[in-house]
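Residue 205 in the working numbering sits at position 189 of the sequence shown, with consecutive numbering throughout. For glycine and all other residues, C-beta sits at the position ideal for the given N, C-alpha and C. Working notes for the structure below.
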Amino acid sequence: MTQKIAILGASGYTGAELVRLIATHPGMEIAALAANSKAGQSMAQVFPHLRHLDLPDLVTIEEIDFAGIDLCFCALPHKTSQEVISALPRDLKIVDLSADFRLRDPDAYEKWYGNPHAAVEMQGEAVYGLTEFYRDEIAKARLVAGTGCNAATGQFVLRPLIAGKVIDLDEIILDLKCGVSGAGRSPKENLLHAELSEGYNAYAVGGTHRHLGEFDQEFSAIAGRDVRIQFTPHLMPANRGILATAYVKGEAEAVYAALANAYAKEPFIEVLPFGETPSTHHVRGSNFCHIGVVADRLPGRAIVVGALDNLTKGSSGQAIQNANLMLGLEETEGLMLAPLFP
(Lines of atoms letter the chains of each structure in order from A and count residues from 1; the text may use other names and numbers.)
(Lines give C-alpha, C1' and ligand atoms only; values in the text may rest on other atoms or scores of the structure.)
Protein backbone atom coordinates (compact mmCIF):
# COMPACT_ATOMS: atom_id res chain seq x y z
CA MET A 1 0.00 0.00 0.00
CA THR A 2 1.33 3.43 -0.96
CA GLN A 3 1.89 5.79 1.97
CA LYS A 4 0.34 9.27 1.70
CA ILE A 5 2.88 12.02 2.34
CA ALA A 6 2.58 15.73 3.16
CA ILE A 7 5.47 18.19 2.92
CA LEU A 8 5.33 21.45 4.87
CA GLY A 9 7.76 24.08 3.62
CA ALA A 10 7.81 22.65 0.10
CA SER A 11 9.12 25.85 -1.50
CA GLY A 12 12.56 25.58 0.14
CA TYR A 13 15.60 23.63 -1.02
CA THR A 14 14.99 20.70 1.33
CA GLY A 15 11.31 20.65 0.33
CA ALA A 16 12.23 20.46 -3.35
CA GLU A 17 14.76 17.73 -2.61
CA LEU A 18 12.09 15.71 -0.80
CA VAL A 19 9.82 16.02 -3.84
CA ARG A 20 12.64 14.98 -6.20
CA LEU A 21 13.38 11.85 -4.19
CA ILE A 22 9.79 10.84 -3.41
CA ALA A 23 8.85 11.22 -7.10
CA THR A 24 10.48 7.83 -7.83
CA HIS A 25 9.82 6.22 -4.43
CA PRO A 26 7.66 3.11 -4.96
CA GLY A 27 6.09 3.25 -1.50
CA MET A 28 5.25 6.94 -1.14
CA GLU A 29 2.82 9.33 -2.81
CA ILE A 30 2.80 13.09 -2.29
CA ALA A 31 -0.73 14.01 -1.24
CA ALA A 32 -0.21 17.57 -0.02
CA LEU A 33 2.35 20.36 -0.39
CA ALA A 34 2.31 23.43 1.83
CA ALA A 35 4.19 26.70 1.46
CA ASN A 36 2.31 29.59 3.04
CA SER A 37 4.28 32.28 1.21
CA LYS A 38 3.61 30.67 -2.19
CA ALA A 39 0.17 29.15 -1.59
CA GLY A 40 -1.92 28.97 -4.74
CA GLN A 41 1.06 28.40 -7.02
CA SER A 42 2.08 25.16 -8.66
CA MET A 43 5.40 23.47 -7.91
CA ALA A 44 6.28 24.02 -11.58
CA GLN A 45 6.07 27.76 -10.99
CA VAL A 46 8.26 27.60 -7.90
CA PHE A 47 10.66 24.90 -9.14
CA PRO A 48 10.60 24.54 -12.95
CA HIS A 49 12.87 21.48 -12.79
CA LEU A 50 9.92 19.58 -11.27
CA ARG A 51 7.36 20.55 -13.95
CA HIS A 52 7.24 17.00 -15.38
CA LEU A 53 5.71 15.69 -12.15
CA ASP A 54 1.99 15.46 -11.42
CA LEU A 55 1.94 17.24 -8.06
CA PRO A 56 -0.72 18.94 -5.96
CA ASP A 57 -0.60 22.74 -5.91
CA LEU A 58 0.90 24.54 -2.95
CA VAL A 59 -1.54 25.43 -0.17
CA THR A 60 -1.38 26.84 3.33
CA ILE A 61 -0.84 24.41 6.19
CA GLU A 62 -4.35 25.13 7.47
CA GLU A 63 -5.84 23.86 4.20
CA ILE A 64 -4.40 20.34 4.54
CA ASP A 65 -6.66 17.55 5.74
CA PHE A 66 -4.25 15.43 7.76
CA ALA A 67 -6.83 12.68 8.26
CA GLY A 68 -5.62 11.02 5.07
CA ILE A 69 -1.90 11.57 5.64
CA ASP A 70 0.39 8.76 6.88
CA LEU A 71 3.53 10.85 7.43
CA CYS A 72 4.41 14.53 7.30
CA PHE A 73 7.81 16.03 6.52
CA CYS A 74 8.24 19.40 8.18
CA ALA A 75 10.82 21.47 6.26
CA LEU A 76 10.13 24.77 8.01
CA PRO A 77 12.52 27.25 9.68
CA HIS A 78 13.63 26.82 13.28
CA LYS A 79 11.13 28.13 15.84
CA THR A 80 8.31 28.03 13.26
CA SER A 81 8.58 24.26 13.14
CA GLN A 82 7.92 23.63 16.84
CA GLU A 83 4.85 25.87 16.76
CA VAL A 84 3.41 24.13 13.70
CA ILE A 85 4.20 20.60 14.89
CA SER A 86 2.54 21.27 18.26
CA ALA A 87 -0.74 21.88 16.43
CA LEU A 88 -0.63 18.78 14.21
CA PRO A 89 -2.69 15.65 15.02
CA ARG A 90 -1.11 13.62 17.82
CA ASP A 91 -1.33 10.36 15.85
CA LEU A 92 0.47 11.75 12.79
CA LYS A 93 4.02 10.50 12.10
CA ILE A 94 6.39 13.45 11.61
CA VAL A 95 9.95 13.88 10.38
CA ASP A 96 11.16 17.38 11.26
CA LEU A 97 14.05 18.77 9.24
CA SER A 98 14.56 21.84 11.43
CA ALA A 99 16.65 22.11 14.60
CA ASP A 100 13.67 22.40 16.92
CA PHE A 101 13.74 18.89 18.39
CA ARG A 102 17.40 17.90 17.95
CA LEU A 103 18.57 18.99 21.39
CA ARG A 104 17.15 17.06 24.33
CA ASP A 105 17.91 19.74 26.91
CA PRO A 106 15.61 22.80 26.65
CA ASP A 107 18.34 24.97 28.17
CA ALA A 108 20.75 23.85 25.45
CA TYR A 109 18.17 24.74 22.81
CA GLU A 110 17.75 28.23 24.27
CA LYS A 111 21.53 28.69 24.45
CA TRP A 112 22.15 27.79 20.81
CA TYR A 113 18.97 29.15 19.20
CA GLY A 114 18.31 32.24 21.30
CA ASN A 115 14.74 31.63 22.41
CA PRO A 116 12.92 29.33 24.86
CA HIS A 117 11.53 26.12 23.41
CA ALA A 118 7.79 26.43 22.78
CA ALA A 119 7.02 22.69 22.82
CA VAL A 120 9.07 21.30 25.68
CA GLU A 121 6.56 18.53 26.30
CA MET A 122 7.35 17.11 22.86
CA GLN A 123 11.15 17.24 23.16
CA GLY A 124 11.25 14.06 25.21
CA GLU A 125 9.20 12.27 22.54
CA ALA A 126 11.51 13.16 19.65
CA VAL A 127 14.15 10.68 18.47
CA TYR A 128 17.40 12.04 17.07
CA GLY A 129 17.41 11.22 13.37
CA LEU A 130 20.95 10.02 12.67
CA THR A 131 19.66 6.81 11.13
CA GLU A 132 22.74 4.61 11.35
CA PHE A 133 22.96 5.09 15.13
CA TYR A 134 19.30 5.39 16.18
CA ARG A 135 17.72 2.91 13.78
CA ASP A 136 15.70 0.91 16.32
CA GLU A 137 14.36 4.00 18.11
CA ILE A 138 13.44 5.67 14.82
CA ALA A 139 11.44 2.65 13.66
CA LYS A 140 9.18 3.00 16.72
CA ALA A 141 9.02 6.80 16.81
CA ARG A 142 6.17 9.17 16.03
CA LEU A 143 8.42 12.26 15.87
CA VAL A 144 11.95 12.18 14.46
CA ALA A 145 14.29 15.18 14.52
CA GLY A 146 16.54 15.31 11.48
CA THR A 147 20.14 16.25 12.24
CA GLY A 148 21.98 19.32 11.06
CA CYS A 149 23.85 18.64 7.82
CA ASN A 150 27.19 19.74 9.29
CA ALA A 151 26.42 17.79 12.45
CA ALA A 152 25.67 14.62 10.48
CA THR A 153 28.92 14.80 8.51
CA GLY A 154 31.03 15.37 11.60
CA GLN A 155 29.33 12.55 13.45
CA PHE A 156 29.77 10.04 10.65
CA VAL A 157 33.48 10.82 10.75
CA LEU A 158 33.95 10.88 14.54
CA ARG A 159 31.33 8.76 16.35
CA PRO A 160 33.00 5.36 15.76
CA LEU A 161 36.34 6.78 16.88
CA ILE A 162 34.92 8.09 20.15
CA ALA A 163 32.96 4.89 20.78
CA GLY A 164 35.99 2.75 19.94
CA LYS A 165 38.29 4.77 22.23
CA VAL A 166 40.93 5.00 19.52
CA ILE A 167 41.49 8.78 19.70
CA ASP A 168 42.33 11.38 22.33
CA LEU A 169 38.99 13.04 23.17
CA ASP A 170 40.70 16.30 24.08
CA GLU A 171 42.52 16.59 20.74
CA ILE A 172 39.78 16.73 18.10
CA ILE A 173 39.75 19.41 15.39
CA LEU A 174 36.99 19.44 12.75
CA ASP A 175 37.40 21.68 9.72
CA LEU A 176 34.31 21.69 7.51
CA LYS A 177 33.36 23.20 4.14
CA CYS A 178 29.71 23.50 3.11
CA GLY A 179 27.98 24.45 -0.13
CA VAL A 180 25.78 27.53 -0.23
CA SER A 181 22.46 25.65 -0.31
CA GLY A 182 23.09 24.83 3.35
CA ALA A 183 22.12 28.44 4.12
CA GLY A 184 18.61 27.94 2.71
CA ARG A 185 16.72 29.69 -0.09
CA SER A 186 15.89 33.02 1.57
CA PRO A 187 17.72 35.93 -0.10
CA LYS A 188 20.87 37.00 1.77
CA GLU A 189 23.32 39.66 0.65
CA ASN A 190 26.45 37.61 1.41
CA LEU A 191 25.13 34.79 -0.79
CA LEU A 192 24.81 36.91 -3.92
CA HIS A 193 26.91 35.51 -6.76
CA ALA A 194 29.16 38.58 -6.86
CA GLU A 195 29.85 38.30 -3.12
CA LEU A 196 30.23 34.53 -2.86
CA SER A 197 31.89 33.29 -6.04
CA GLU A 198 35.69 33.23 -6.34
CA GLY A 199 35.92 33.44 -2.57
CA TYR A 200 36.00 31.22 0.47
CA ASN A 201 35.41 32.19 4.08
CA ALA A 202 35.16 30.80 7.59
CA TYR A 203 32.10 31.68 9.65
CA ALA A 204 30.86 31.11 13.21
CA VAL A 205 34.53 31.02 14.21
CA GLY A 206 35.51 30.28 17.79
CA GLY A 207 32.73 27.92 18.77
CA THR A 208 29.51 29.78 17.96
CA HIS A 209 28.03 27.51 15.31
CA ARG A 210 24.68 26.04 16.39
CA HIS A 211 25.54 22.52 15.32
CA LEU A 212 28.09 22.43 18.15
CA GLY A 213 25.08 21.79 20.39
CA GLU A 214 24.55 18.49 18.58
CA PHE A 215 28.23 17.58 18.75
CA ASP A 216 28.32 18.33 22.49
CA GLN A 217 25.16 16.31 23.13
CA GLU A 218 26.03 13.27 21.04
CA PHE A 219 29.78 12.97 21.61
CA SER A 220 29.45 13.44 25.37
CA ALA A 221 26.74 10.77 25.53
CA ILE A 222 28.95 8.28 23.69
CA ALA A 223 32.02 8.98 25.81
CA GLY A 224 30.23 9.21 29.15
CA ARG A 225 32.04 12.48 29.83
CA ASP A 226 32.11 15.99 28.40
CA VAL A 227 33.61 16.10 24.90
CA ARG A 228 34.19 19.50 23.33
CA ILE A 229 35.70 19.61 19.87
CA GLN A 230 37.23 22.52 17.98
CA PHE A 231 35.03 23.19 14.96
CA THR A 232 35.24 25.75 12.19
CA PRO A 233 32.81 25.73 9.23
CA HIS A 234 33.60 27.41 5.91
CA LEU A 235 31.31 28.55 3.13
CA MET A 236 32.48 27.36 -0.27
CA PRO A 237 31.26 28.66 -3.63
CA ALA A 238 29.46 25.44 -4.61
CA ASN A 239 25.76 24.69 -4.67
CA ARG A 240 25.88 21.36 -2.86
CA GLY A 241 28.19 19.31 -0.73
CA ILE A 242 30.01 19.10 2.58
CA LEU A 243 33.63 18.12 3.05
CA ALA A 244 34.67 17.56 6.67
CA THR A 245 38.31 17.07 7.66
CA ALA A 246 38.99 15.83 11.18
CA TYR A 247 42.44 15.97 12.75
CA VAL A 248 42.75 13.41 15.53
CA LYS A 249 45.39 11.99 17.88
CA GLY A 250 45.41 8.23 17.45
CA GLU A 251 47.05 5.50 15.39
CA ALA A 252 45.82 5.78 11.80
CA GLU A 253 45.41 2.02 11.37
CA ALA A 254 43.23 1.80 14.48
CA VAL A 255 41.20 4.81 13.33
CA TYR A 256 40.64 3.18 9.95
CA ALA A 257 39.67 -0.16 11.51
CA ALA A 258 37.13 1.50 13.81
CA LEU A 259 35.43 3.22 10.87
CA ALA A 260 35.58 0.19 8.56
CA ASN A 261 34.07 -2.07 11.23
CA ALA A 262 31.35 0.41 12.21
CA TYR A 263 30.14 0.88 8.65
CA ALA A 264 30.82 -2.54 7.13
CA LYS A 265 27.10 -3.29 6.72
CA GLU A 266 25.78 0.23 6.20
CA PRO A 267 24.25 0.69 2.72
CA PHE A 268 24.90 4.43 2.48
CA ILE A 269 28.33 4.86 4.07
CA GLU A 270 31.42 3.90 2.10
CA VAL A 271 34.80 3.74 3.84
CA LEU A 272 37.42 4.13 1.13
CA PRO A 273 40.63 2.09 0.94
CA PHE A 274 43.22 3.27 3.47
CA GLY A 275 45.07 6.33 2.20
CA GLU A 276 42.31 7.52 -0.16
CA THR A 277 40.16 10.60 0.46
CA PRO A 278 36.70 11.49 -0.91
CA SER A 279 35.36 14.37 -2.97
CA THR A 280 31.99 16.10 -2.83
CA HIS A 281 31.81 15.38 -6.58
CA HIS A 282 31.49 11.67 -5.83
CA VAL A 283 28.37 11.93 -3.63
CA ARG A 284 26.50 14.79 -5.32
CA GLY A 285 22.73 14.33 -5.43
CA SER A 286 22.91 11.01 -3.57
CA ASN A 287 22.26 9.59 -0.12
CA PHE A 288 25.82 8.30 0.19
CA CYS A 289 28.59 9.40 2.54
CA HIS A 290 32.23 8.63 1.68
CA ILE A 291 34.93 8.53 4.36
CA GLY A 292 38.71 8.29 3.96
CA VAL A 293 41.59 7.94 6.42
CA VAL A 294 45.21 9.01 5.92
CA ALA A 295 48.13 8.69 8.35
CA ASP A 296 49.59 12.08 9.22
CA ARG A 297 53.33 12.68 8.90
CA LEU A 298 53.37 13.20 12.68
CA PRO A 299 53.47 9.81 14.44
CA GLY A 300 50.30 8.84 16.27
CA ARG A 301 48.04 11.23 14.38
CA ALA A 302 45.47 10.67 11.63
CA ILE A 303 43.39 12.72 9.23
CA VAL A 304 39.82 11.62 8.50
CA VAL A 305 37.85 13.14 5.61
CA GLY A 306 34.11 12.74 5.06
CA ALA A 307 31.97 13.91 2.13
CA LEU A 308 28.20 14.00 1.64
CA ASP A 309 25.53 16.03 -0.11
CA ASN A 310 24.06 18.46 2.44
CA LEU A 311 20.60 18.41 0.81
CA THR A 312 20.40 14.64 0.44
CA LYS A 313 22.26 12.54 3.03
CA GLY A 314 22.61 15.67 5.16
CA SER A 315 18.89 16.47 5.15
CA SER A 316 16.11 15.27 2.82
CA GLY A 317 17.58 11.88 1.93
CA GLN A 318 18.22 11.18 5.59
CA ALA A 319 14.64 12.27 6.32
CA ILE A 320 13.28 9.73 3.82
CA GLN A 321 15.60 7.05 5.22
CA ASN A 322 14.03 7.71 8.62
CA ALA A 323 10.51 7.82 7.18
CA ASN A 324 11.04 4.44 5.54
CA LEU A 325 11.79 2.94 8.95
CA MET A 326 8.83 4.70 10.60
CA LEU A 327 6.45 3.39 7.94
CA GLY A 328 7.77 -0.17 7.96
CA LEU A 329 9.31 0.13 4.50
CA GLU A 330 12.73 -1.04 3.37
CA GLU A 331 15.22 1.52 4.70
CA THR A 332 16.93 2.00 1.33
CA GLU A 333 13.71 2.31 -0.68
CA GLY A 334 13.77 5.24 -3.10
CA LEU A 335 17.31 6.20 -2.10
CA MET A 336 19.73 4.02 -4.04
CA LEU A 337 20.11 6.46 -6.95
CA ALA A 338 23.69 6.91 -8.10
CA PRO A 339 25.48 10.24 -7.53
CA LEU A 340 25.51 12.85 -10.28
CA PHE A 341 28.86 13.16 -12.03
CA PRO A 342 30.47 15.34 -13.22
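VAL62: member of the alpha helix (DSSP H) spanning 59-62, first to last residue. Under the 10 Å beta carbon count, GLN98 is surrounded by 16 or more other beta carbons and is classified as buried. Assignment of ARG151 by DSSP, reduced to helix, strand and coil, places it in the helix class. Shortest Cα-Cα distance from ARG317 to any of ASN338, SER302, ILE188, LEU341 involves ILE188. Looking at the backbone, the Cα of ALA115 and that of GLY162 are separated by about 7 Å.
Listed in chain order, the non-local C-beta contacts of MET59 below 6 Å within the same chain comprise LEU66, LEU71, local neighbours out to five positions each way being set aside. Within its own chain, the residues whose Cβ lies closer than 8 Å to the Cβ of LYS329, once the five positions on either side in sequence are excluded, are ALA168, PHE284, VAL299, SER302, ASN303, PHE304, CYS305, listed in chain order. With contacts defined by Cβ atoms closer than 8 Å, ILE154 and PHE235 do not form a contacting pair. Apart from the 5 residues on each side of it in sequence, SER102 sits with its Cβ closer than 8 Å to the Cβ of ALA134, ALA135, MET138 in its chain, given in chain order. In this structure, PRO289 lies away from ASN166, with their beta-carbon atoms at least 8 Å apart.
DSSP places PHE172 inside the alpha helix (DSSP H), whose first and last residues are 165-179.
Look at the beta carbons and you see the stretch 140-152 touching the stretch 332-351: at least three pairs across the two are nearer than 8 Å. Counted as a single uninterrupted DSSP element, the alpha helix (DSSP H) harbouring LYS127 occupies residues 122-129. For ILE336, the enclosing alpha helix (DSSP H) has its first and last residue at 333-342. Residue LEU327 holds the alpha-carbon nearest to the alpha-carbon of GLY200 among LEU327, GLY43, VAL243. Put simply, of PRO355, LEU324, LEU190 the residue whose alpha carbon is nearest the alpha carbon of GLY198 is LEU324. By the 16-neighbour rule on beta-carbons within 10 angstroms, VAL321 is buried.
Apart from sequence neighbours up to five positions away, the residues of its chain that approach VAL309 with a beta-carbon distance below 7 Å are ALA268, VAL271, TYR272, LEU275, PHE290, ALA318, VAL320, ordered along the chain.
Note that the C-beta distance between PHE82 and PRO64 is not below 8 Å. Distance check between MET252 and each of LYS156, TYR216, LYS281 places TYR216 closest, using alpha-carbon atoms only. The beta carbon of SER213 sits closer than 7 Å to those of PRO253, all from its chain and outside the five residues before and after it, given in chain order. Look at ILE307 here: in three-state DSSP terms it is strand.
Note: ARG317 is bridge-paired with LYS265 in the DSSP secondary-structure output. Of the residues assessed, ALA218 falls on the exposed side of the cut-off, its CB having fewer than 16 other CB atoms within 10 angstroms.
The stretch 200-210 and the stretch 224-233 do not touch, with fewer than three beta-carbon pairs separated by less than 8 Å.
As summarised for the stretch 23-85, the continuous alpha helix (DSSP H) elements at least 4 residues long and confined to that stretch are 29-38, 59-62, given in chain order. In the three-state scheme derived from DSSP, where H, G and I count as helix and E and B as strand, THR248 is classed as strand.
With a cutoff of 8 Å on beta-carbon distance, THR40 and GLY350 are scored as near each other.
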